[in-house]
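Notes to accompany the following structure.
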Amino acid sequence: MLFPDSRPRRLRQSEILRSMVRETRLHVDNLVLPLFAVPGKGVENPIQSLPGHAQLSCDNIRKKAKEARDLGIPAVILFGVPDKKDPLGTEAYKKDGIVQQAVKAVRDAVPDMMVITDVCLCQFTDHGHCGIVEKGRVDNDATLDLLARIAVSHAKAGAHMVAPSDMMDGRVAEIRDGLDQEGYTDVPIMSYAVKYASAYYGPFREAANNKPGFGDRRTYQMDPANSREAMREATMDVEEGADILMVKPALAYLDVITRLKDEMDLPIAAYSVSGEYAMIRAAAERGWIDGDAVMMETLTAIRRAGADIILTYFAMDAARRLRG
Ligand code: PBG
Ligand code: ZN
């Protein structure tokens, strides 16, 4: 139908009408808050490139998690920044490692908060890579057993869900197997199935102190130019037992989110990464954009693209905004 019979503006004339025909809604239930745990007590080290975020010791993690839950945020994803690193990342799968302690702290202080853990080695290895390094290369198969050990130790500490972010081939199957053997058949795996080798991770590397000591992550993380390959990665993870598929980063990869949503039948998560947050915050600080409005528009766009779950450093601000 053509103008003047069709007038799309008719449905945009009032907020009540716009709201009735709105196709996408952002809800606090969609949000996951990332937190960075460090050893010690009373520690709150602000992260320069992630304004409003800090490395927190477990006592402060408890407080932050409580605050988040009070705003209605259903889940946190925990990252650990240990004080000791070694070639095998042993702090990552120690019984009382920093992540394990943080999991217990949140479980204990905020019983109805969903606790997700990031499963990777890069914060814990002295070379900063996401796997074991042999002869200057990241050795895929040698890494799998350690990833499963990390996941199991998180589950033992009380993690409700694990999220492997390493991008080794075959790790979902290995982790599923490890969890099942230890009786954690009900712990879901949210796989960072489609994770790109992205420059948008810059601020996170300051926050998590996981910069690779040599080379980069392009031999395991995906080439930003590829989207058909994303389908292969996602399909493998589904077959290996993933419960939720994640795309990361979000904003520059909305097409990939949509593609996964259309072609897969698992829930889709998107990680709106540190650089996405930093760009918006920086421009807002200069008064060049309305930070709150751009935040809501961006999160809505990630939902519209197809994400059911959004991991975002804006979780607290968006939750506050959604409360009105
Ligand atoms: C590491 C990991 C990274 C992020 C989460 N887990 C980045 C990396 O590859 O260094 C990025 C999150 C962000 O930038 O917010 N396995
Ligand atoms: Zn890693």
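Numbering (this note's numbering), first residue to last: 142 to 465.
Glycine is no exception: its CB is placed at the ideal position from the N, C-alpha and C atoms.
Fair warning: this is a prediction, and the values are worked out from it, not measured in the lab.
How would you label Phe315, buried or exposed, when you count the other beta carbons within 10 angstroms and need 16 or more for buried?
Counted from its first residue, the sequence shown places residue 315 at position 174. Residue 315 is actually Glu in this sequence, not Phe. Classification of Glu315: buried, given that the 10 Å Cβ count is 16 or more.
Below 6 Å CB to CB, which residues in the same chain sit around Leu392 once its five sequence neighbours on both sides are set aside?
Here the question's residue 392 lines up with position 251 in the sequence shown. Hits under 6 Å: Glu417.
For Val217 and Ala209, believed in contact at Cβ under 8 Å, the rounded distance
The sequence position of residue 209 within the sequence shown is 68, counting from 1. The sequence position of residue 217 within the sequence shown is 76, counting from 1. 6 Å between Cβ atoms; contact.
Please report the straight-line C-alpha distance between Glu156 and Asp200, rounded to a whole angstrom.
Residue mapping note: residue 156 aligns to position 15 of the sequence shown, counting from 1. Residue mapping note: residue 200 aligns to position 59 of the sequence shown, counting from 1. So the alpha carbons of these two residues sit roughly 43 Å apart.
Entirely within the stretch 325-401 and at least 3 residues each: give me those beta strand (DSSP E) ranges in chain order.
Complete beta strand (DSSP E) runs here, min 3: 331-336 and 385-389.
Please write down, chain order preserved, every residue whose beta carbon lies under 5 Å from a heavy atom of the ligand ZN.
Working through the chain, the matches are Cys261, Cys263 and Cys271.
With respect to the beta strand (DSSP E) encompassing Gly221, which residues constitute its N-terminal and C-terminal limits?
In the sequence shown, the residue the question calls residue 221 occupies position 80. The continuous beta strand (DSSP E) containing Gly221 extends over residues Ala216 to Gly221.
Ser415: first and last residue of the uninterrupted alpha helix (DSSP H) it sits in:
Here the question's residue 415 lines up with position 274 in the sequence shown. Start and end: Ser415 to Glu426.
Between the stretch 326-338 and the stretch 287-307, do three or more beta carbon pairs fall short of 8 Å?
Yes: the two stretches touch, three or more of their Cβ pairs being nearer than 8 Å.
Should Leu229 and Ile291 be called a contact, given that it needs their Cβ atoms to be closer than 8 Å?
In the sequence shown, the residue the question calls residue 229 occupies position 88. In the sequence shown, the residue the question calls residue 291 occupies position 150. No, these two residues do not count as a Cβ contact at 8 Å.
With DSSP as the reference, label Gln264 as helix, strand or coil.
For this step, residue 264 is matched to residue 123 along the sequence shown. If DSSP states are grouped into helix, strand and coil, Gln264 belongs with coil.
Bridge partners for Leu452 per DSSP, in chain order?
Against the sequence shown, residue 452 aligns to sequence position 311. According to DSSP, which records beta bridges pairwise, Leu452 is partnered with Val173 and Tyr412.
Can you determine whether any heavy atom of the ligand PBG sits closer than 7 Å to the C-beta of Arg150, and answer yes or no?
Along the sequence shown, one-based indexing puts residue 150 at 9. When distances are taken from the beta-carbon of Arg150 to the heavy atoms of the ligand PBG, even the shortest one reaches 7 Å or more.
For Tyr337, which option in Asp249, Glu323, Asp357 and Pro149 has the closest C-alpha, if you only look at C-alpha atoms?
Position 196 of the sequence shown, counted from the first residue, corresponds to residue 337. The shortest Cα separation from Tyr337 among Asp249, Glu323, Asp357 and Pro149 belongs to Asp357.
Euclidean distance between Cα positions of Arg427 and Met420
Mapped onto the sequence shown, residue 427 falls at position 286. Mapped onto the sequence shown, residue 420 falls at position 279. Roughly 11 Å separates the two Cα atoms.
Can you find the residues in the same chain that come closer than 7 Å, C-beta to C-beta, to Val240, ignoring five residues on each side of it along the sequence?
Here residue 240 refers to the residue found at position 99 of the sequence shown. Excluding sequence neighbours, Val240 sits near Ala178, Leu219, Gly221, Thr258 and His295.
Proximal residues to Tyr234 (C-beta, below 6 Å), its chain only, five neighbours per side dropped:
To locate residue 234, count along the sequence shown from 1; it is residue 93. Closer than 6 Å at the Cβ level, and outside the excluded window around Tyr234, lie Arg290, Ile291 and Ser294.
If the criterion is Cβ atoms closer than 8 Å, does the pair Val184 and Leu197 meet it?
Position 43 of the sequence shown, counting from 1, holds the residue named residue 184. Position 56 of the sequence shown, counting from 1, holds the residue named residue 197. Yes, they are a contact pair.
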